[in-house]
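Numbering (my numbering), first residue to last: 614 to 747.
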């Protein structure tokens with residue numbers, strides 16, 4: 614039987630154990646991975662649909678992101694034996710476990726966007742004022 618592991622228990626062990634958390638955050642914290650996971654949460658998508666839906670990702674960067682997610686076991690890639698070739702990407706069972714936290718984070722981002730933007734503008738104004746005062 615598998616014993617549940619909590620963030621607190623991992624973090625309280627030793628610094629090396631924190632590599633698990635850091636590695637996962639590093640993997641998912643890039644510019645595109647969470648967005649791709651969110652897009653795939655509704656079902657399989659083709660490369661061209663993912664590229665269009667992400668709005669601004671290059672073909673190369675999408676390819677790299679998909680490969681990394683596939684390597685981590687978070688998505689699956691299915692190539693259909695058709696002409697022209699058709700490839701679909703979908704969340705794996707492991708990737709599906711991320712849907713709830715990614716959705717919550719996406720909703721938080723939408724709700725808090727204006728507040729964050731205001732804070733950034735305020736910070737920038739204060740930084741400019743401090744620079745001029747010197």
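Think of the CB as a built atom: it goes at the ideal place given N, C-alpha and C, for glycine as much as any other residue.
Check your understanding: So residue 676 is in the alpha helix (DSSP H); what residue range does that whole segment cover?
Key -> For the purposes of this step, residue 676 is taken as residue 63 along the chain shown, with counting starting at 1. Boundaries of the alpha helix (DSSP H) harbouring residue 676: 672 to 684, taken from the DSSP string.
Review point. Is residue 691 helix, strand or coil by DSSP?
Key: Reading the chain shown from its first residue, position 78 is the one you call residue 691. Under the three-state reduction of DSSP, residue 691 is assigned to strand.
**Study point:** Start-to-end residues for the beta strand (DSSP E) that takes in residue 703
**Key:** Residue numbering aside, residue 703 sits at position 90 when the chain shown is read from its first letter. Here the beta strand (DSSP E) through residue 703 covers 699 to 704.
Review point. For residue 658, which of helix, strand or coil comes out of DSSP?
Key: Here the question's residue 658 lines up with position 45 in the chain shown. DSSP places residue 658 in strand when its eight states are reduced to three.
Check your understanding: Is residue 721 helix, strand or coil when you go by DSSP?
Key -> Your numbering for residue 721 matches position 108 in the chain shown. Correct three-state label for residue 721: helix.
Check your understanding: Straight-line CA distance for residue 664 to residue 745?
Key -> Counting from 1 along the chain shown, the entry for residue 664 is found at position 51. Counting from 1 along the chain shown, the entry for residue 745 is found at position 132. Near 43 angstroms, if we compare the C-alpha coordinates of residue 745 and residue 664.
Check your understanding: DSSP state of residue 696, grouped into three classes?
Key -> What you label residue 696 is simply residue 83 of the chain shown in a count that begins at 1. Looking at residue 696 - three-state DSSP - the assignment turns out to be coil, as it is neither helix nor strand.
Review point. What number of angstroms, rounded off, separates the C-alpha of residue 636 from the C-alpha of residue 725?
Key: For the purposes of this step, residue 636 is taken as residue 23 along the chain shown, with counting starting at 1. For the purposes of this step, residue 725 is taken as residue 112 along the chain shown, with counting starting at 1. Near 26 angstroms, if we compare the C-alpha coordinates of residue 725 and residue 636.
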